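Novice: FYI, in mature numbering (1 follows the signal peptide of the UniProt record, and there is no 0) the residues of the sequence shown are -31 to -1, 1 to 197.
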Amino acid sequence: MKTTANSMTNPTMKLQFSFLIFCLVSSRGYCLKPTSSGATETPPSFYVDYEYEDTTPAPAPGRGSLKPGTSQHCDYDPCRDNQTPCMDLSLLTGCLCRGLTLYTELPEAPRIQSVFHNGSGVLVWWCAPYSYVTAYTVTVGGLERQSFGAGERRALLGEIAAEEEVCIVSRNDVGNSNSTCEKYRPKGGKRPLTGWLIGGAGGLLLLVLLAAMLWRHRRQKKQETGDV
C-alpha cells in the first residue's frame, strides 16, 4: 500500500509542476491554479493588453477670441454717427475689424464727407480714421468752434456769413492729427440770416442817401426859382 501511494503522488506533482511552467512562459492571458479537488475556477472577465497604442487625434488649436464659424467683418461704418465701436462689436460677436493704429501713436486725419447748410446752420459730416481717437476738433476760418466725442461724426456749426475754410482734426493722448479742410461757400438759396441782415442794411442806407440827395436837389432848385 505504501508503494502504491507514492506511485500515485508523483504523477500528480509532476502535472502541477508542468502546468506552473506553462503559465510562466505565457506572454499574456491568465492561468488557473489547479486544485486538489479538480474543480474549475471561473476566469476573470477582463485582461490588460500592454501592447495597446492610443490613436486618438490631438485636438485642433483654438482660434483665440473668435467664435466658431465666425469669419465675416463687423457691421461697422466709420462714417456712421454714434455707433458701437468696432472692437466692442468684435468682443460681442467674434466678427473681424480692420486694424487700427496704436494708442501710443498720433491718430490719422479724419475724412470730411460734406459741408452744407441744412436750414438751421452749417453742418459738417466726417468719417473716422482707423486710429485710436478720443475726440475731434472743428475749426472755421482758423478759429476753434467746438470739440466732439470719439463716437460723433456730425457737427452743427451755426451760421457762417461768408466763404470760410472748415477744418477738422482727430486727437488722442499723444496729440493731434493733420487737419482735413473743405471750403464752405454759401449758396443763394441758403444764404445765412446775417447775410440777409447785412444786405438789407446796405440797401436801406443806399435808399436814405438817394432820398437825401433828391431832397437837396429840390431845395436848391427852389432857391434858384425864388432868386429869379
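C-beta: ideal position from N, C-alpha, C; glycine also. Please read these numbers as outputs of a predicted model, since none were measured by experiment.
1) Taking DSSP as the reference, what is the three-state secondary structure of Glu113?
2) Please classify Cys55: does DSSP put it in a helix, a strand, or coil?
3) Report yes or no: do three or more beta-carbon pairs, one from the segment 57 to 64 and one from the segment 87 to 99, lie closer than 8 Å?
4) For Val143, I'd like the list of residues in its chain whose CB is within less than 6 Å of its CB, leaving aside the five on either flank, ordered along the chain.
5) Using the rule of at least 16 other Cβ atoms within 10 Å of the residue's Cβ for burial, across every protein chain shown, is Ile137 buried or exposed?
6) For Val102 versus Ser139, is the C-beta distance shorter than 8 Å?
7) Using 8 Å as the threshold, is the C-beta distance between Pro155 and Ala170 below it?
8) Going along the chain, which unbroken runs of the beta strand (DSSP E) with 3 or more residues stay wholly within the segment 137 to 187?
9) Could you tell me how far apart the beta carbons of Glu128 and Ile81 are, in whole angstroms, since I believe they sit closer than 8 Å?
10) How many angstroms separate the CA atom of Leu65 from the CA atom of Ser89?
11) Can you list, in chain order, the residues of its chain whose CB lies under 6 Å from that of Val84, leaving out five sequence neighbours each side?
12) His186 to Leu166, Cα distance in whole Å?
13) Counting C-beta neighbours from all protein chains within 10 Å, is the total for Leu179 16 or more, i.e. buried, or is it exposed?
14) Look at the alpha carbon of Gly158 and the alpha carbon of Ala124, and state the distance between them as a whole number of angstroms.
Specialist: Put simply:
1) It is a strand residue.
2) Annotated three-state conformation of Cys55 is helix, per DSSP.
3) Segments in contact, no.
4) Excluding residues within five positions, the ones whose Cβ falls inside 6 Å are Leu75.
5) Ile137 comes out buried.
6) Contact flag set, yes.
7) Ala170 is positioned such that its CB atom lies no closer than 8 Å to that of Pro155.
8) Entirely contained in the segment 137 to 187, the beta strand (DSSP E) runs reaching 3 residues are, in chain order, 149 to 153.
9) So it is not a contact: roughly 19 Å between Cβ atoms.
10) Roughly 39 Å separates the two Cα atoms.
11) Result list for Val84: Val93, Val135, Glu151 and Tyr153, in chain order.
12) Straight-line spacing of the CA atoms in His186 and Leu166 works out to 30 Å.
13) The residue is exposed, with fewer than 16 neighbouring Cβ atoms inside 10 Å.
14) Interpretation of Gly158 is limited by its pLDDT of 47, a score under 50 that renders its predicted location unreliable; no figure is taken from the coordinates.
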